[in-house]
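One structure below.
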Amino acid sequence: MATVWIPAQLLTECGGRRQIEAPGRTVGEVLRNLERDCPGLLARLAPNGELAPDLAVSVDGAIGTLGLLEPVEPTSEVFLVPALQGG
Amino acid sequence: MVTTTRPSEKTTHKVIGTRPIRPDGVDKVTGRAIYGADVTLPGLLIGKVLRSPFAHARIRNIDTGAAERLPGVRAVITAADLPDPDKGMADVGEASATYRDLSHNVMARDKALYQGHAVAAVAAESASIAEQALALITVDYEPLPPVLDLVEAMKDDAPLLHEDLRTNELGTLSDKPSNIAAHARFLKGDPAAGFAEADVIVERTYTTTMVHQGYIEPHASTAYWNADGKITIWTTTQAPFAIRDNVAVLLNVPVSRVKVIPTEIGGGFGGKLPPYVEPLAAVLSRKSGAPVKMTMSRTEELQASGPTSGSRTHVKIGAKRDGTIVAVEASLAYEAGAFPGSSVRFGSLCMFAPYDIPNMQLDSYDVVVNKPKVAAYRAPGSPAAMFASESALDELAERLGMDPIELRLKNSAKVGTRMANNIPFQHPVGNVKVLEAIRESDHWRSPLPESTETRKIGRGLAMGFWPNAPLKSSCFATVNPDGSVTLVEGNPDIGGTRASLAMQLAETLGIPYEKVIPQVADTETVGYNDATGGSRTTFTGGIAVYELGQDIKQQLIERARILWQLNPEDAIVYEDGTIRGPKEGQQLSFDQLAAQLFKTGGPVVGRASVSPKHVGFAFGCHVVDLAVDIETGKVEILRYTAAQDVGKAVHPSYVEGQIQGGVAQGIGWALNEEYVYDEQGRLVNASFLDYRMPTSLDLPMIETILVEEPHPPHPFGVRGVGEVPIVPPLAAVANAISHALGHRFTDLPISPRRIIETLYP
Amino acid sequence: MTKRVHVETRINGREVDFLCEPGQSLLEVLRDQLHLTGAKEGCNNGNCGACTVILDGRIVDSCLVLAPEVEGREVTTIEGLAGPEHLHPLQQQFLEHAALQCGICTPGLIMAAKGLLDQNPAPTEEEIRLWLAGNLCRCTGYDKIIRAVQAAAQQMEARV
Ligand code: FES
Ligand code: FES
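Protein chains in written order, with my numbering: chain A, 95 to 181; chain B, 24 to 784; chain C, -6 to 153.
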């Protein structure tokens, strides 16, 4: 099962838990499975079925480029972080 | 200047690490290079913008009749001539914005939200006619109370900039409108438990004011809206593709109708990511039927482009007596300007990134005020945040009686350490090495000159961090019969990236640097490229040209196979620009094979498109010696040394240059630069005379130490280098002044006036 | 419309004449009428030096010079510095020393530095810093610019 690190702004949806384990082969699957535990989470993260544009996924510290389709390993850590550019 | 380049593990590079002359150099030293304002076209009209004199006002009516009737005026526009897009996030670098805000920033709709906010624009046959026309436009304003101060803006009863703006409070929209656009948080461990273990707690509030990127070339764009609906825009931008995409949305046309041709660019530092005059020039062109050029004056730049936030940061650090940091808390509020989207979250992410701290809570507030909408500025968000954290750490070292380098080494992050967002560092980071490099430097080991009665000497040290942004790069290249390679890439060359990309391609192919001819292409000539920004051009562009080189090598091997009539299983190797077959002496140089391409199947074109997943985190450590004249308050920088982990310096001169330039901007921010507003929200120092950037007289030579801790995911170990050097100077200078005077300065800039007022209250 | 003035002058060694409005700056005429866009506009009020040209042997901010003032005088711009097949030592040394990043300040800095070397062939670092203080560069921190000017001075000395 992958470990999802819950960002501070989603702690309410997740009953205050900082890390939650959920199965899935992609970020999308993991989040959909997480939704059972944390109702309302998906609506927040992927309002139109796609990852919100100011968010990025990081799987094991790598910057995801596939959004919800990003592959996840059973031992992966999944992070939801603000999208980053620069000056 | 002593430049010490430490050898990387692998010193087999032939091109990387050398210092050739840049391909665009001759054009730039002879004045022939075409920058934004140098573009001209037949029948060109000049566009000018009418700007709000009020910082906050409702626009009741705009009468453009008289201006339209002036002979020589060819078009007049207001927001009514632009579509009103809905929300949706625009790509404007890390300072985010919705399309709606972007549109309303480009041209005010119902309200002017800062002095200088565009309210109308004209195109005329000459600049002077355009100016006269502006004077004939009458705008009926209802002035409103301006919101100028962060603390005031955050109060419940503050006047509102946007009646519909609700706080995104940790992910939930508040029910009352507010000037606080967002409150976000990074949480790691248990800060309360951490502080309970602390023997020493340092706690202070730090402030900075709005400052400008200060690029010397103002924004300049020329647009032509053709009769077939095609819009061509020549513009000075860091992000041609983002400008294309943003203009398409702002004008409600498909991206295929917009072509952006980037000109040479005279500096940007993040300020040339968002659109300003591009959409206006396009609409004026459609209305007039002629191409329209618009340039911003320096006053318009300062009033109405995208400076960076003023900030207020409260920091609390708890440590054990041995220097182990057990917990930190910070609360950062940044001015977003007139529309939401400052870089405050990135500031909070960066501020303690060099350290392994088990418990952290970092709260950030994005606050709208009646000032220009901020844009990215070099390592956006990090300098102000690390001014606070690195000043507080200096104070902690002092309180503990510890050497500031030892304190930082004791707490330094390493592979596996989780940052404030809980993501661990995956690859080696150079934070320890830059600290050690400074500790071993001649500068750190040299004694300070003696203070005198009126001239107080101090030394200060600080670190900086910026994560860098890899994003997307595409490019292609053609092998020419003479053995040269024409490289087509899509990142405007803001400081030597034609050279750094050509060098990496030459290295990959094993050919001389001079054989690679790089071109920066427009948005219809090359595949998608993200901005020249985020310290990414040499980094991601380097990965792209490396991949492209592999593609060319593979194709050349197949051409050799044809020439030598070998079978698919016969081994052919490409090594150092030579192609070798399995037989003794069977070999061709790159040039020899290049000359035979047409008879082996035609030209060879390589291509690549990459989106790297692993950034090379950038760390720097700076030390400064300075003298404070306590009679005048003037600070003289005596010596400055900057160590930075650059991964691998592709062209060391330009790497040093990036560091030296960042240091200069950081020193300006620390000592002199500031936006000064009067009570009505009018910028009182909107010129280079009064907005004081460092001159050659204000700085010494800037010593650089290039530390090379290779970044494994990059084929040459490169890290982005452009942004992090602006981060450490703020705290380094403040710490040095604090040591010189025995008083902690927590508000920037530490101008002569502030020093005098502090010393003689 | 304001009456235009006819101006005859020499620019980069050649006779040039143009019509301009009395209030137009030399910079405007150079750039917009004569298409000598090497002189850049960074501020239009004498505070950045991007528009530096040489007028009768002295450096001036061309944004502060009225175009009619150059009647009968001699103007040198960045376009007049290099020969057909060679660069001026300052141009060469700016390249060798990577003294430009974005390059927008470069024409002005090179013209200002030429003005210095024409009257002081071996300036000290302090003298160079003082002389160039009217030319802003936001990219380089000046370090490599100062070195390039020093190197150009040496190269020119050696040639004499
Ligand atoms: S444009 Fe002339 S000094 Fe700045
Ligand atoms: S090189 Fe960019 S301003 Fe000097």
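Heads up, the beta-carbon is just placed ideally off N, CA and C, and yes, glycines get one too.
All of these numbers come straight from a predicted model, not from anything done at the bench.
Run the proximity test for residue i: is its beta-carbon closer than 8 Å to any non-hydrogen atom belonging to ligand 1?
| i | result |
| --- | --- |
| residue 39 of chain C | yes |
| residue 324 of chain B | no |
| residue 44 of chain C | yes |
| residue 132 of chain C | no |
| residue 48 of chain C | no |
| residue 61 of chain B | no |
Any heavy atom of ligand 2 inside 8 Å of the beta-carbon of residue i?
| i | result |
| --- | --- |
| residue 97 of chain C | yes |
| residue 725 of chain B | no |
| residue 620 of chain B | no |
| residue 102 of chain C | yes |
| residue 36 of chain C | no |
| residue 239 of chain B | yes |
| residue 94 of chain C | yes |
| residue 129 of chain C | yes |
| residue 745 of chain B | no |
Mapping DSSP to helix, strand and coil, what is residue i?
| i | result |
| --- | --- |
| residue 474 of chain B | coil |
| residue 28 of chain B | Since pLDDT at residue 28 of chain B reaches only 40, below the 50 mark, its modelled position is unreliable, and the value read off the structure follows with that caveat. Here residue 28 of chain B sits in strand by DSSP. |
| residue 180 of chain A | Reliability fails at residue 180 of chain A, whose pLDDT of 49 lies under 50, so the model's placement of it is uncertain and the value that follows must be treated cautiously. Note: residue 180 of chain A maps to coil in three-state DSSP. |
| residue 705 of chain B | coil |
| residue 337 of chain B | strand |
| residue 33 of chain B | Note that residue 33 of chain B has pLDDT 48, beneath the 50 cutoff, so the model's placement of it is unreliable and the number below is only indicative. In this structure, residue 33 of chain B counts as coil in the three-state DSSP scheme. |
| residue 58 of chain B | strand |
| residue 711 of chain B | coil |
| residue 383 of chain B | strand |
| residue 417 of chain B | helix |
| residue 482 of chain B | strand |
| residue 536 of chain B | helix |
| residue 755 of chain B | helix |
| residue 112 of chain C | helix |
For residue i, which residues of its own chain have a beta-carbon under 7 Å away from its beta-carbon, when the five flanking residues on both sides are left out?
| i | result |
| --- | --- |
| residue 154 of chain A | 170 and 171 |
| residue 95 of chain C | 132 |
| residue 259 of chain B | 58, 59, 240, 242, 243, 286, 288, 289 and 295 |
| residue 139 of chain C | 118, 121 and 122 |
| residue 62 of chain B | 245, 257, 286 and 316 |
| residue 415 of chain B | 225, 227, 338 and 340 |
| residue 163 of chain B | 83 and 84 |
Can you pull the DSSP bridge partners for residue i?
| i | result |
| --- | --- |
| residue 44 of chain A | Nothing can be reported for residue 44 of chain A, as the shown portion of chain A is limited to 95 through 181. |
| residue 67 of chain C | C/3 |
| residue 84 of chain B | B/163 |
| residue 13 of chain C | C/-2 |
| residue 498 of chain B | B/512 and B/631 |
| residue 18 of chain C | C/59 |
| residue 665 of chain B | B/645 and B/727 |
| residue 124 of chain C | In DSSP, residue 124 of chain C forms no bridge with anything. |
Give every residue of the same chain whose Cβ lies closer than 6 Å to the Cβ of residue i, excluding the five residues on either side of it in the sequence, and list them in chain order.
| i | result |
| --- | --- |
| residue 629 of chain B | 500, 571, 574 and 575 |
| residue 167 of chain A | none |
| residue 153 of chain B | 69, 71, 145 and 147 |
| residue 222 of chain B | 343 and 344 |
| residue 86 of chain B | 161 |
Between which residues of its own chain and residue i is the CB-CB distance below 8 Å, once the five residues before and five after are set aside?
| i | result |
| --- | --- |
| residue 376 of chain B | 436, 442, 443, 488, 490 and 640 |
| residue 438 of chain B | 447, 448, 449, 450, 451 and 452 |
| residue 656 of chain B | 774, 775, 776, 777, 778, 779 and 782 |
| residue 124 of chain A | 96, 98, 116, 117, 118, 166 and 172 |
Would you list, in chain order, the members of the region 607 to 640 of chain B that have their beta-carbon closer than 9 Å to a beta-carbon of chain A? 634, 635, 636, 637 and 638
What residues from the region 498 to 514 of chain B come within 7 Å of chain A, judged by C-beta to C-beta, listed N to C? none
Check each residue of the region 17 to 40 of chain C: if its Cβ is closer than 9 Å to any Cβ of chain B, include it; give the result in chain order. 17, 21, 24, 25, 28, 29, 30, 31, 32, 33, 34, 35, 36, 37, 38, 39 and 40
Relative to chain B, which residues along the region 132 to 145 of chain C have a C-beta separation below 9 Å, given in chain order? 132, 133, 134, 135, 136, 137, 138, 139 and 140
At a CB distance below 9 Å, what residues from the region 102 to 113 of chain A approach chain B? Give them in sequence order. 102, 103, 104, 105, 106, 107, 112 and 113
Listed in chain order, which residues of the region 650 to 678 of chain B have Cβ atoms closer than 7 Å to some Cβ of chain C? 676 and 677
Scan the region 265 to 277 of chain B for residues whose Cβ lies nearer than 9 Å to a Cβ of chain A and list them as they occur along the chain. none
What are the residues of the region 527 to 541 of chain B that lie near chain A, defined by any Cβ-Cβ distance shorter than 9 Å? none
What residues from the region 703 to 721 of chain B come within 7 Å of chain C, judged by C-beta to C-beta, listed N to C? 710, 711, 712, 716, 718, 719 and 720
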